[in-house]
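Student: Before I ask anything, here is the structure I am working with.
Number of protein chains: 2
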Amino acid sequence: MTASSGAGVPGATRSDTVATVVRQWEAVHPDLDTGPMEIIGRVNRCAALLQQAEDAPLRRAGLSRPEFDLLGALRRTGHELTPGDLARETFSSGAAVTKRVKALTERGLVERRGDTRDRRVAHLRLTDAGRDLVDGLLPEQLAYETSVLSGMDPAEQDGLAVLLSALLGRLEGRLGAPRP
Amino acid sequence: MTASSGAGVPGATRSDTVATVVRQWEAVHPDLDTGPMEIIGRVNRCAALLQQAEDAPLRRAGLSRPEFDLLGALRRTGHELTPGDLARETFSSGAAVTKRVKALTERGLVERRGDTRDRRVAHLRLTDAGRDLVDGLLPEQLAYETSVLSGMDPAEQDGLAVLLSALLGRLEGRLGAPRP
DNA sequence: AGTAGGTGCTTTACGAGTAAAACACCTGCT
DNA sequence: AGCAGGTGTTTTACTCGTAAAGCACCTACT
Numbered sequence: 001m002t003a004s005s006g007a008g009v010p011g012a013t014r015s016d017t018v019a020t021v022v023r024q025w026e027a028v029h030p031d032l033d034t035g036p037m038e039i040i041g042r043v044n045r046c047a048a049l050l051q052q053a054e055d056a057p058l059r060r061a062g063l064s065r066p067e068f069d070l071l072g073a074l075r076r077t078g079h080e081l082t083p084g085d086l087a088r089e090t091f092s093s094g095a096a097v098t099k100r101v102k103a104l105t106e107r108g109l110v111e112r113r114g115d116t117r118d119r120r121v122a123h124l125r126l127t128d129a130g131r132d133l134v135d136g137l138l139p140e141q142l143a144y145e146t147s148v149l150s151g152m153d154p155a156e157q158d159g160l161a162v163l164l165s166a167l168l169g170r171l172e173g174r175l176g177a178p179r180p
Numbered sequence: 181m182t183a184s185s186g187a188g189v190p191g192a193t194r195s196d197t198v199a200t201v202v203r204q205w206e207a208v209h210p211d212l213d214t215g216p217m218e219i220i221g222r223v224n225r226c227a228a229l230l231q232q233a234e235d236a237p238l239r240r241a242g243l244s245r246p247e248f249d250l251l252g253a254l255r256r257t258g259h260e261l262t263p264g265d266l267a268r269e270t271f272s273s274g275a276a277v278t279k280r281v282k283a284l285t286e287r288g289l290v291e292r293r294g295d296t297r298d299r300r301v302a303h304l305r306l307t308d309a310g311r312d313l314v315d316g317l318l319p320e321q322l323a324y325e326t327s328v329l330s331g332m333d334p335a336e337q338d339g340l341a342v343l344l345s346a347l348l349g350r351l352e353g354r355l356g357a358p359r360p
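Taken in sequence, the protein lines are chains A and B. First residue of the first sequence? That's 1 in the numbering used here, and the numbers climb one at a time after it. First residue of the second sequence? That's 181 in the numbering used here, and the numbers climb one at a time after it.
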């Protein structure tokens, strides 16, 4: 009665790994509504496969994905960011940002400048080399993403983007400040 | 011209973090087609938030998510699995499985039995305590997932499941055996 | 002015995953 | 039978992220 997708969707959406996992759970726990798994299991699995695939070109450039995210944040915002800004922007802990920034400055991709007013804070920006690296990598990433999505027609792509946005909106609203 | 979702979708899908990130990239690189980001960025972000949220009840039970995945694989298949099977089933490395199995057997959740034919392989199964733990946790997980999705009506949920399945099918087909 | 409390960042200690090597065992060829 | 090569699992050395403590600095109250 939980109004989920238990409905049926007759023979659709066969042949992905999540479908077989869901069927296994249904066999073992016929009483539970496995509808949500059809969505959330697939989101998780898609994300895992996408990251694995997209990491390859980055590693070729000697970057981890979190490092690329950090450089990307600096590039796309267009202005300097503090470590704290970067932590929020890349959804990672402050400590992780500290270490990544250290590694990236040593490699000459990022520069730091102390704030004159508040001597606790640092301002970070890309060096020319850092900017060039991001600008070289980004088209590669997008080309791969485009090729993955090329199997879906544009209407499906838009539909997927809209539905995911709805889901994400809900997640971000609900999880903005959870109780640990 | 790459037939992506660049079309427009006028004012739709505002107010999630991915939308603002995409707008930033568009401002810096107006030449690139950022359509794929609208999908793939959201998949990644949704997965990150979902995992973070779903980890909480697991940690309360003293389990990490990979550990729960391992126990879940044993539960849903209903029969014994070898470490290799588990590695494939949970998409993790053999070494990681070895360590997790060790920890879980020490906690009395998993039992191992040597193969009589081939003495290299072990067969693993849940203890009663392991089975009970999974069976107690699973409804919690599903209830949370149901509540997250409760904002979407059933038709949207089905649509999302179908579209994600199409994407996942493509990813699994393409990435079954990549070249490192 | 002096100080208590908060903020921004970094350091430390540790846990967890990985890749590569090591190990133990099986299989098929001669 | 004996051994070369393959497979299933574990071990080792290392990397990376995290939580919690630590440090330096700012701010606002008395």
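Glycine included, each C-beta is placed from N, C-alpha and C at the ideal position.
1. How would you write the range of the alpha helix (DSSP H) that residue 86 of chain A sits in, first residue to last?
2. Counting only C-beta atoms, is residue 15 of chain A closer than 8 Å to chain B at any point?
3. Going by DSSP in three states, residue 8 of chain A sits in which element: helix, strand or coil?
4. Taking its Cβ as the centre, do 16 or more other Cβ atoms sit within 10 Å of residue 165 of chain A, making it buried, or is it exposed?
5. Identify, in the order they occur along the chain, each residue of the same chain with its Cβ nearer than 6 Å to the Cβ of residue 177 of chain B, setting aside the five sequence neighbours on each side.
6. Using a Cβ distance threshold of 8 Å, determine whether the region 89-104 of chain A contacts the region 61-75 of chain A, with at least three qualifying pairs required.
7. Closer than 9 Å, Cβ to any Cβ of chain A: which residues of the region 245-266 of chain B, in chain order?
8. So residue 336 of chain B contacts chain A; which residues on that side make the cut at Cβ distance below 8 Å?
9. Among the candidates A/62, A/156, A/29 and A/81, whose CA atom is the shortest distance from the CA of residue 125 of chain A?
10. Residue 210 of chain B: buried (16+ other C-beta within 10 angstroms of its C-beta) or exposed?
11. Return the CA-CA distance between residue 276 of chain B and residue 314 of chain B, expressed in angstroms with no decimal places.
12. Taking residue 57 of chain A and residue 141 of chain A to be in contact with their CB atoms under 8 Å, please state how far apart those CB atoms are, rounded to whole angstroms.
13. Determine whether the Cβ of residue 170 of chain A lies closer than 8 Å to any Cβ atom of chain B.
14. DSSP three-state call for residue 137 of chain A: helix, strand or coil?
15. Classify residue 114 of chain A as buried or exposed, calling it buried when 16 or more other Cβ atoms lie within 10 Å of its own Cβ.
16. Just the C-alpha distance for residue 40 of chain A and residue 64 of chain A, rounded to the nearest angstrom, thanks.
17. Smallest Cα separation from residue 326 of chain B: which of A/37, A/16, A/119 and A/43?
18. In chain order, what residues of the same chain have a beta carbon less than 6 Å from the beta carbon of residue 87 of chain A, not counting five sequence neighbours either side?
19. Give me whichever residues DSSP pairs with residue 110 of chain A in a beta bridge.
20. Contact criterion: CB-CB distance below 8 Å. Does residue 225 of chain B meet it with respect to chain A?
21. Relative to the C-alpha of residue 122 of chain A, which residue among A/66, A/170 and A/112 is closest?
22. Grab me the residues of residue 25 of chain A's own chain with a C-beta within less than 6 Å of its C-beta, minus the 5 sequence neighbours each way, in chain order.
23. Which stretch, first to last residue, makes up the alpha helix (DSSP H) that contains residue 47 of chain A?
24. Which value, in whole angstroms, describes the spacing of the CA atoms of residue 188 of chain B and residue 159 of chain A?
25. Mind listing the chain B neighbours of residue 96 of chain A? Cutoff is C-beta to C-beta under 7 Å, in chain order.
26. Taking C-alpha atoms, which residue in B/228, B/212, B/203 and B/208 lies nearest to residue 167 of chain A?
27. Quick one: measure Cβ to Cβ for residue 197 of chain B and residue 54 of chain A, integer angstroms, because I've assumed they're closer than 8 Å.
28. List the residues of chain B whose Cβ lies closer than 7 Å to the Cβ of residue 48 of chain A, in chain order.
29. Relative to the C-alpha of residue 350 of chain B, which candidate in A/130, A/148 and A/75 has its C-alpha closest?
30. When burial is assigned at 16 or more other CB atoms within 10 Å of the CB, is residue 161 of chain A buried or exposed?
Tutor: The answer reads as follows:
1. 83-90
2. Yes, residue 15 of chain A lies at the interface with chain B (some Cβ there is under 8 Å from its Cβ).
3. The predicted model places residue 8 of chain A with a pLDDT of 43, which falls under 50 and marks its position as unreliable, so this point remains unresolved.
4. buried
5. Not covered by the structure: residue 177 of chain B. The range shown for chain B is 181 to 360.
6. yes
7. If the cut-off is 9 Å between Cβ atoms, the region 245-266 of chain B has 252, 253, 255, 256, 257 and 258 near chain A.
8. Those within 8 Å of residue 336 of chain B in chain A are 163 and 166.
9. A/81
10. exposed
11. 20 Å
12. Correct: roughly 7 Å between the Cβ atoms.
13. yes
14. Three-state result, residue 137 of chain A: helix.
15. By the 16-neighbour rule on beta-carbons within 10 angstroms, residue 114 of chain A is exposed.
16. 26 Å
17. A/37
18. Excluding positions up to five away in sequence, the list reads 94 and 97.
19. Per DSSP, A/126.
20. Yes, residue 225 of chain B counts as interfacial toward chain A.
21. A/112
22. So the list reads 34, once near-sequence residues are dropped.
23. Boundaries of the alpha helix (DSSP H) harbouring residue 47 of chain A: 35-60, taken from the DSSP string.
24. Since pLDDT at residue 188 of chain B reaches only 43, below the 50 mark, its modelled position is unreliable, and no value is offered.
25. The contacting residues do not exist; residue 96 of chain A stays about 14 Å from chain B at best.
26. B/228
27. That pair is no contact at about 19 Å.
28. 271
29. A/148
30. buried
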